[in-house]
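A.B. asks: This is the structure, below, for whatever I ask next.
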Amino acid sequence: MPANDDLQKAQRFREAALPYLDDVYTLARYLLRDASDAEDAVQECYLRALKHFDSYRGPAMKPWLFAILRNVCNAEYARRAHRPSAIEDTPGAADRTPIWQESEASPETEVLRSRDAGAIRKLIDALAEPFKETFVLREINNLSYREIADAVGAPVGTVMSRLARARAMLRAAWTAEEEQAK
Amino acid sequence: MTCNEARILLHALLDNELDAGHAREVEAHIAGCPDCAAEFAAQREMQRVLADTDLRYTAPASLRTRIEASLPKPQPQPTRRSVLRGFAMGSAVSALAATGVVALVLRQDDQQRILSEVVSAHLRSLQAGHLIDVVSTDQHTVKPWFNGKLDVAPPVIDLTAQGFTLVGGRLDYVDARAIGAVVYKRRQHVVNLFVSQTSNAEYRAPKTETMQGFNCRRWGNRGLNFWAVSDIGADELAEFVDKFEAAMKANVEG
Chain A
1 MPANDDLQKA QRFREAALPY LDDVYTLARY LLRDASDAED AVQECYLRAL KHFDSYRGPA
61 MKPWLFAILR NVCNAEYARR AHRPSAIEDT PGAADRTPIW QESEASPETE VLRSRDAGAI
121 RKLIDALAEP FKETFVLREI NNLSYREIAD AVGAPVGTVM SRLARARAML RAAWTAEEEQ
181 AK
Chain B
1 MTCNEARILL HALLDNELDA GHAREVEAHI AGCPDCAAEF AAQREMQRVL ADTDLRYTAP
61 ASLRTRIEAS LPKPQPQPTR RSVLRGFAMG SAVSALAATG VVALVLRQDD QQRILSEVVS
121 AHLRSLQAGH LIDVVSTDQH TVKPWFNGKL DVAPPVIDLT AQGFTLVGGR LDYVDARAIG
181 AVVYKRRQHV VNLFVSQTSN AEYRAPKTET MQGFNCRRWG NRGLNFWAVS DIGADELAEF
241 VDKFEAAMKA NVEG
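As they're listed, the protein sequences go chains A and B.
Reminder that position 101 of the first sequence reads as 101 in UniProt numbering, one-by-one numbering, no gaps.
Reminder that position 213 of the second sequence reads as 213 in UniProt numbering, one-by-one numbering, no gaps.
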C-alpha cells in the first residue's frame, strides 16, 4: 500500500488537475492534429505534472498544465520530424481516414453545428505555429494574455502580436473559403 | 496612434485586456479611421461566431481511466453501495447500527442530489431566454427585484471592476424551494450564484465539486447557503468566490 503522503498528494493532484482534462486534451488535439497522439501526450503530461506537483507553486493550474503539455508535444514534433514521410499537407491523413470523409464527425462531438465546427477546426488546424497555439489558448481555452504568456514562456507583448497575426490569417483563410463556395 | 499599432491593439480591446486609458486611445483611433473600424468590426464578428461554435474536444473516457489508474490508490474501502448490499444480503449488523448508517448514507446522498439540482438549474439557465428575469448591470435594480419573491434577500454585488460582470437576477427552484440566482458573466461564460436561507449561521469554508463538467463552489456565511456554478476553471471560480466574499465583507463593515 502506498504511503499516506502519496495518497494525499494524489488526491490533491486529482482535485487540482483532473478538472482540466478536456482543456488539456483540446490543446493537444490542435497541436498534434491526431487523436491517438493527443491521448498519449495528455497522459504523459499528467504523469509529468504529478511528478512535479510537489514543487508546483503557480502560475494557475491550467497554464501550468499547458506549459507541460507543450514540452511533451515538442518532443513529439521532434519524433515526427524523423519519420520518413511528412504528412504536413494532409492533416486528415493523421487520423487514418480518407480525406473525402467527414473525419471529425465522431460521436463524441455534438450533432448540432458539428459541420460548422468541423470546417472551422480545419481552418484553425491549418494555421502555422506559434500562431495557432496562441489562438487556441485564447479563443478556445479562454486564457488571459498573462496566462498565455506564462504557458508559452513569452512576453505579453509577443502574445498580443501573435494573436493579432493569427486572427488576421484565420480571417483571410475564412473569407477565401467563403469566396470559393460562392 | 498609427494604424499598425491599432491593428494589434484592437485585439486586446476585443479581449478586454486594455486598461481604460489605452482602451480610449484605441477607440479614438478606430472612430477616426474607417479602415481600422472595418477591421475591428470584422474581427468582432469572427470572435462572436467562434464563441457560438463548440470548438473544444472532449477527452475520451478511456483516457481519463488510464490517467486515474496511474495515480497512487488507497486500498479499496467498502463503498456505500457495498455497505447497502451487505444489508440486502442479511448481514449480522444490529438494527440500531443499521439505522445510523442508513441515515449517514442518506445525508450524503442528499447533498449530492442538491448539487445535481443546482447544476441542472445552471444548465436550464443556459437555454435560450432562460438566463435572466431581471436584466440589469445595476445592483440597485437587481436587489429590490427579489423583494417579496423570496424568504431571503440575496446579496447582489457588482463585481465588474473585479472581472465578473453582473448581468441580472432570476428566480429558480432547487430542492422544491424558490431560490435566488444572481447572474454574472466572465468573458463568454455564465456564472450562476444561487442563494438560499439556512438555519445554520456558522461560516462554512468554500469547497469545489465538479459535476457534468461544471465546477460548483459551495459555502455558507451569515445564515445563507451559496452555490457558484460555472464552466470556468476551478481556480477562476475560486477567485470569483474570494472576490464576492471580500466585497460582502466590505459592504457589511462599511
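Glycine residues also receive a C-beta, built at the ideal position from the N, C-alpha and C atoms.
What's the gap between the Cα of residue 5 of chain B and the Cα of residue 36 of chain B?
C.D. replies: The straight-line gap from Cα to Cα measures roughly 10 Å.
A.B. asks: Going along the chain, which residues of the stretch 134 to 154 of chain A sit with their C-beta nearer than 8 Å to a C-beta in chain B?
C.D. replies: Correct list: 138, 139, 140, 142, 144, 145.
A.B. asks: So for residue 225 of chain B, helix, strand or coil by DSSP?
C.D. replies: Here residue 225 of chain B sits in strand by DSSP.
A.B. asks: Report yes or no: is there a C-beta of chain B within less than 8 Å of the C-beta of residue 117 of chain A?
C.D. replies: Chain B, which has a Cβ nearer than 8 Å to the Cβ of residue 117 of chain A, makes this yes.
A.B. asks: For residue 257 of chain B, count the other beta carbons within 10 Å of its own beta carbon; 16 or more makes it buried, fewer makes it exposed. Which is it?
C.D. replies: Residue 257 of chain B is absent from the structure shown; chain B starts at 1 and stops at 254.
A.B. asks: Do we get a CB-CB distance below 8 Å when we pair residue 30 of chain B with the residues of chain A?
C.D. replies: No, residue 30 of chain B lies away from the interface with chain A (no Cβ there is under 8 Å from its Cβ).
A.B. asks: Of all the CB atoms in chain B, is at least one closer than 8 Å to the CB of residue 29 of chain A?
C.D. replies: By this cut-off, residue 29 of chain A is an interface position.
A.B. asks: What residues in the stretch 43 to 59 of chain B have a beta carbon less than 7 Å from any beta carbon of chain A?
C.D. replies: Correct list: 43, 46, 50, 53, 54, 55, 56, 57, 58, 59.
A.B. asks: In or out: residue 3 of chain B buried (at least 16 other Cβ within 10 Å) or exposed?
C.D. replies: Looking at its Cβ environment, which holds fewer than 16 other Cβ atoms inside 10 Å, residue 3 of chain B is exposed.
A.B. asks: Go through the stretch 154 to 233 of chain B residue by residue and report every complete run of the alpha helix (DSSP H) that reaches 4 residues or more, in order.
C.D. replies: Listed in chain order, nothing qualifies, since the stretch 154 to 233 of chain B has no complete alpha helix (DSSP H) run of 4 or more residues.
A.B. asks: Going by beta carbon distance, what residues of the same chain come within less than 8 Å of residue 170 of chain A, once the five residues before and after it are set aside?
C.D. replies: Within the same chain, residue 170 of chain A has close Cβ partners 123, 124, 127, 135.
A.B. asks: Mind pulling the chain B residues with CB within less than 7 Å of residue 26 of chain A?
C.D. replies: In chain order: 56, 57.
A.B. asks: Could you work out which residues of chain B lie near residue 14 of chain A, taking near to mean beta carbons separated by less than 7 Å?
C.D. replies: What residue 14 of chain A touches in chain B: 71.
A.B. asks: Hey, is the stretch 176 to 194 of chain B in contact with the stretch 111 to 126 of chain B, meaning 3+ C-beta pairs nearer than 8 Å?
C.D. replies: Contact holds: three or more Cβ-Cβ distances are below 8 Å.
A.B. asks: Tell me the DSSP secondary structure of residue 172 of chain A in three-state form.
C.D. replies: Looking at residue 172 of chain A - three-state DSSP - the assignment turns out to be helix.
A.B. asks: Could you tell me the boundaries of the alpha helix (DSSP H) in which residue 32 of chain B lies?
C.D. replies: From DSSP, the alpha helix (DSSP H) with residue 32 of chain B extends over 20 to 32.
A.B. asks: Check residue 102 of chain A in the structure and name its three-state DSSP category.
C.D. replies: With a pLDDT of only 34 at residue 102 of chain A, under 50, the local geometry of the prediction cannot be trusted, and the value read off the model is given with reservation. Residue 102 of chain A: coil per DSSP, three-state reduction.
A.B. asks: Looking at the strands, I want to know which residues DSSP matches up with residue 241 of chain B.
C.D. replies: Residue 241 of chain B pairs with nothing; no bridge assigned.
A.B. asks: Along the chain, where does the alpha helix (DSSP H) that runs through residue 29 of chain A open and close?
C.D. replies: 21 to 32 is the span of the alpha helix (DSSP H), which, as asked, contains residue 29 of chain A.
A.B. asks: Taking the straight line between their C-alpha atoms, what separation do you get for residue 63 of chain A and residue 147 of chain B?
C.D. replies: Roughly 42 Å between the two C-alpha positions.
A.B. asks: With a 10 Å radius around its C-beta and 16 neighbouring C-beta atoms as the bar for buried, classify residue 183 of chain B as buried or exposed.
C.D. replies: Buried, by the Cβ-count rule.
A.B. asks: Under the three-state reduction of DSSP, which class applies to residue 152 of chain B: helix, strand or coil?
C.D. replies: Of the three classes helix, strand and coil, the one that applies to residue 152 of chain B here is coil, per DSSP.
A.B. asks: Do you know how far the Cα of residue 120 of chain A is from the Cα of residue 179 of chain A?
C.D. replies: Roughly 15 Å between the two C-alpha positions.
A.B. asks: Taking the alpha helix (DSSP H) that residue 141 of chain B belongs to, which residues open and close that run?
C.D. replies: First-last of the alpha helix (DSSP H) with residue 141 of chain B: 139 to 145.
A.B. asks: Note down, in chain order, every chain A residue with its Cβ under 8 Å from the Cβ of residue 172 of chain B.
C.D. replies: Within chain A, no residue comes near residue 172 of chain B; the closest Cβ sits about 24 Å away, beyond 8 Å.
A.B. asks: If you measure beta-carbon to beta-carbon, which residues of the stretch 197 to 210 of chain B are closer than 9 Å to chain A?
C.D. replies: Under the 9 Å Cβ criterion, the stretch 197 to 210 of chain B contributes 208, 210.
A.B. asks: Just the Cα atoms here: how many angstroms apart are residue 170 of chain B and residue 70 of chain B?
C.D. replies: Their backbone Cα atoms lie some 43 Å apart in a straight line.
A.B. asks: So does the stretch 8 to 23 of chain B actually touch the stretch 160 to 174 of chain A, counting three or more Cβ pairs closer than 8 Å?
C.D. replies: As far as the Cβ criterion goes, the stretch 8 to 23 of chain B touches the stretch 160 to 174 of chain A, which means the pair count is three or higher.
A.B. asks: Does the structure place the stretch 147 to 160 of chain A close enough to the stretch 39 to 46 of chain A that three or more beta carbon pairs sit under 8 Å?
C.D. replies: Touching, no, given that fewer than three Cβ pairs across the two stretches are closer than 8 Å.
A.B. asks: Residue 130 of chain B versus chain A: which residues are under 7 Å apart at the beta carbon?
C.D. replies: In chain order: nothing, as chain A lies at least about 17 Å away.
A.B. asks: Could you say which of A:20, A:144, A:15, A:145 lies nearest to residue 58 of chain B if we only look at CA atoms?
C.D. replies: Taking only the C-alpha atoms, the option nearest residue 58 of chain B is A:20.
A.B. asks: Of the choices A:172, A:65, A:144, whose alpha-carbon is the least far from that of residue 28 of chain A?
C.D. replies: Minimum Cα distance to residue 28 of chain A is reached at A:65.
A.B. asks: Could you round the C-beta distance between residue 259 of chain B and residue 224 of chain B to whole angstroms and report it? I think they count as a contact, below 8 Å.
C.D. replies: It is not possible to answer for residue 259 of chain B, since the shown part of chain B is limited to 1 through 254.
A.B. asks: CA-CA distance, residue 12 of chain A and residue 30 of chain B?
C.D. replies: If you take the alpha carbons of residue 12 of chain A and residue 30 of chain B, they lie about 48 Å apart.
A.B. asks: Whose C-beta lies closer than 7 Å to the C-beta of residue 117 of chain B among residues of the same chain, with five residues either side of it excluded?
C.D. replies: These residues qualify, in order along the chain: 174, 175.
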